[in-house]
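Chemist: Note that the numbering used here has the sequence shown beginning at 12, numbered continuously upward.
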Amino acid sequence: MRVNSNTKARTRAAAGLTVAALAAGATAGAGPATAQPKAAPAAPAAAAAAADCSAAYRIEQKLSSGTTWRMCWRYDGKAGLVLEKISYQPKGEPKPIRVLNSARLGQIHVPYDDGSVEYDDLTGFDFAQGLMNLAPGECPGGTIKTVKVPDSWNEDPNVKGLCTTTRSRGHAYRMQGDTANKVFQAQGKDLLVYTVNQVGWYEYMTEWRFQDDGTITMNVGATGSLSWDDYDAGDGRGWPIGKGASAKATSHSHNAFWRLDFALDGSTKNRVEQYDSSVSAPTRGQRAPTTKTTRTKVTKETAGDSKAYRWWRMVSATGKNKDGHARSYEIVPGVTTKYPGRSYTKRDLYVTQYNKCELFASHNPGNCGPGAGKSVDKWVNGQTLTHPVVWMNIGFHHIARDEDQQPMPVHWQGFSIAPRDVTAMNPLTPAELGWQNGHWRPRR
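#1: Should Ser257 be labelled buried (16 or more other beta-carbon atoms within 10 Å of its own) or exposed?
#2: Report yes or no: do the segment 194–202 and the segment 213–223 share at least 3 C-beta pairs separated by less than 8 Å?
#3: Considering only their Cβ atoms, is the gap separating Val231 from Gly425 smaller than 8 Å?
#4: Can you find at least 3 beta carbon pairs, one from the segment 68–87 and one from the segment 96–108, that sit closer than 8 Å?
#5: Looking at the structure shown, is Thr440 part of a helix, part of a strand, or coil, going by DSSP?
#6: Between Asp415 and Ile252, what straight-line distance do the alpha-carbon atoms span, to the nearest angstrom?
#7: If you measure between the beta carbons of Ala260 and Ile119, is that distance less than 8 Å?
#8: Since Tyr340 sits in a beta bridge, which residues does DSSP pair it with?
#9: Residues bridged to Met419 by DSSP?
#10: Please report the straight-line C-alpha distance between Thr305 and Val362, rounded to a whole angstrom.
#11: Give the DSSP bridge partners of Arg69, in chain order.
#12: How far does the alpha helix (DSSP H) with Leu111 in it reach, from first residue to last?
#13: So what's Ala146 in DSSP terms, helix, strand or just coil?
#14: Residues in the same chain with beta-carbon distance under 6 Å from Lys102, minus the five sequence neighbours each way, listed in chain order, please.
#15: Please classify Ala139 as buried or exposed, where buried requires at least 16 other C-beta atoms within 10 Å of its C-beta.
#16: Under 8 Å by Cβ, that's how I've got Leu396 and Val283 pegged, so tell me the actual separation to the nearest angstrom.
#17: Whole angstroms are fine: how far does the CA of Tyr320 sit from the CA of Ser278?
#18: Assuming Asp131 and His374 are in contact, meaning their beta carbons sit under 8 Å apart, how far apart are those beta carbons, in whole angstroms?
#19: Count the CB pairs spanning the segment 430–447 and the segment 290–303 that are closer than 8 Å, and state whether there are at least three.
#20: In the DSSP assignment, find the unbroken alpha helix (DSSP H) run with Thr134 in it and report its ends.
#21: What whole-angstrom Cβ distance do Tyr123 and His265 have, given they're in contact under 8 Å?
#22: Quick check: the segment 436–448 against the segment 153–165, are at least 3 beta-carbon pairs closer than 8 Å?
#23: One question on the structure: do Thr228 and Ser427 come within less than 8 Å of each other, judged by their Cβ atoms?
#24: For His409, count neighbouring C-beta atoms within 10 Å of its own C-beta (all shown protein chains included) and say buried if the count is 16 or more, exposed if not.
#25: Got a sec? Which residues, its chain only, sit under 6 Å from Ser238 by beta carbon, not counting five neighbours each side?
#26: Taking the beta strand (DSSP E) that Leu202 falls in, what are its first and last residues?
#27: Which parts of the segment 289–319 are runs of the beta strand (DSSP E), unbroken and 3 residues or longer, counting only runs that do not cross its ends?
#28: Can you give the Cα-Cα distance for Gly247 and Asp125, rounded to whole angstroms?
#29: Three-state secondary structure (DSSP) at Met12?
#30: At which residue ranges does the segment 341–367 contain complete beta strand (DSSP E) runs of 3 or more residues, listed in the order of the chain?
#31: Between Asn169 and the rest of its own chain, which residues show a CB-CB distance below 6 Å, the 5 nearest in sequence each way excluded?
#32: Once the 5 residues before and after Gly345 are set aside, which same chain residues still bring their CB inside 6 Å of it?
#33: Rounded to whole angstroms, how far is the Cβ of Gln198 from the Cβ of Gly181, which I believe are closer than 8 Å?
#34: Just how far apart, CA to CA, sit Gly384 and Ser65?
#35: Between the Cα of Trp269 and those of Gln72, Leu133 and Ile70, spot the shortest distance and give me the residue it belongs to.
#36: Pick helix, strand or coil for Leu275, following the three-state DSSP scheme.
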């Protein structure tokens with residue numbers, strides 16, 4: 012079981028699991044981050060074009076590959092970090108391309124296998140108030156911003172808790188040249204934005220990765236400590252922790268929701284499309300099976316499930332790339348264990364019509380009108396989509412193991428959105444290959 016957050020905050024040091032201890036080397040803390048040289052600042056004109064918020068709440072990073080990401084941030088009393096007015100400007104684009112109005116967590120639902128308890132960490136267990144101070148070593152090569160936490164249960168509400176830094180992710184591409192004597196390759200760079208929030212025994216790392224190729228990846232990583240109060244095998248199947256089998260940790264799930272409010276090219280009038288492919292056995296005269304892909308225009312609110320040969324994209328209503336193709340972002344689900352125990356966790360994706368009071372996937376605190384319900388599944392009721400909002404549900408079933416103590420290694424869950432026709436070519440294309448748009452034969 013969890014203890015009250017206020018009490019826990021004052022007694023946590025006794026357990027020896029403070030963030031300071033993490034920074035001293037007890038765990039990999041901000042594991043995915045690696046130190047990078049300071050990137051060159053963006054040109055003043057470009058900065059002015061995206062000055063949608065004051066300097067204190069602006070994040071702007073030009074990566075060494077030439078891509079610039081810009082956004083504003085704020086801190087919500089329940090959702091924690093909220094990123095807004097997110098734009099992407101790869102090299103060669105004359106101005107920033109707006110991607111999202113806002114991006115935020117929509118809930119972390121934690122039901123225990125024995126049915127004894129379940130938690131809604133954002134709306135019911137002080138997730139936002141558990142923002143942790145970060146040591147410099149947890150934000151290598153970056154900047155730690157101070158956050159004023161609403162309704163803080165600490166004497167000082169100002170927490171050095173928002174890290175922005177850059178990292179390498181390995182190869183962005185590799186291609187052997189036509190003459191076999193040249194290799195085109197580049198190492199990808201990311202802007203990494205993250206916070207750490209303590210809830211009960213857990214410490215959640217909420218991570219946003221903005222890649223130089225336009226991809227955005229959002230992850231939640233759970234670390235911290237196993238709850239020794241749960242060493243009772245209350246689920247009847249708990250995993251033995253420690254010597255013998257006297258202490259068994261109760262298994263549970265983490266069902267993380269994200270809420271994405273798209274605004275491609277600055278417009279919220281985006282279109283949603285679903286693509287499904289079917290594979291048929293070879294017929295007479297064919298040497299291999301055939302695959303047919305069909306597009307379904309999603310015009311009304313929907314709830315969907317990820318499966319093989321299915322994907323979704325959000326299409327701009329106003330913007331096209333230099334080839335005349337509509338810009339869009341494809342939704343790329345991550346690995347998930349879907350929890351069937353609640354109505355709102357039974358589907359992987361929801362698309363709802365924007366409503367300013369629909370903010371959390373479960374136990375939504377706002378009054379959204381008569382019969383609106385308190386969870387995202389209740390909001391899918393046939394409205395026409397003129398301003399679609401995407402909710403993504405990624406689950407993780409945590410069956411503890413000996414290696415989870417002590418501290419517990421980070422277990423990650425998340426998904427991505429990837430650009431599809433946002434630019435006419437790979438935004439990282441070297442100048443030498445820029446002529447190859449739509450054909451590959453050498454120029455004569």
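Ideal Cβ positions, reconstructed from N, Cα and C, are used throughout, including at glycine.
Modeler: Quick answer:
#1: exposed
#2: yes
#3: yes
#4: yes
#5: coil
#6: 9 Å
#7: no
#8: Met325 and Pro430
#9: Gly235
#10: 20 Å
#11: Cys83
#12: First-last for Leu111: Ile108 to Pro122, but that is the beta strand (DSSP E), not the alpha helix (DSSP H).
#13: coil
#14: Gly77
#15: buried
#16: 6 Å
#17: 29 Å
#18: 5 Å
#19: no
#20: Asp132 to Gly135
#21: Actually they are not in contact, since the Cβ atoms of Tyr123 and His265 sit about 11 Å apart, beyond 8 Å.
#22: no
#23: yes
#24: buried
#25: Trp212
#26: Val194 to Val210
#27: 301–309 and 313–315
#28: 7 Å
#29: Confidence at Met12 is low in this model, with a pLDDT of 45, below 50, so the placement of that residue is unreliable and no value is reported for it.
#30: 360–364
#31: Thr157 and Lys159
#32: Ile405, Gly425 and Phe426
#33: 7 Å
#34: 36 Å
#35: Leu133
#36: helix
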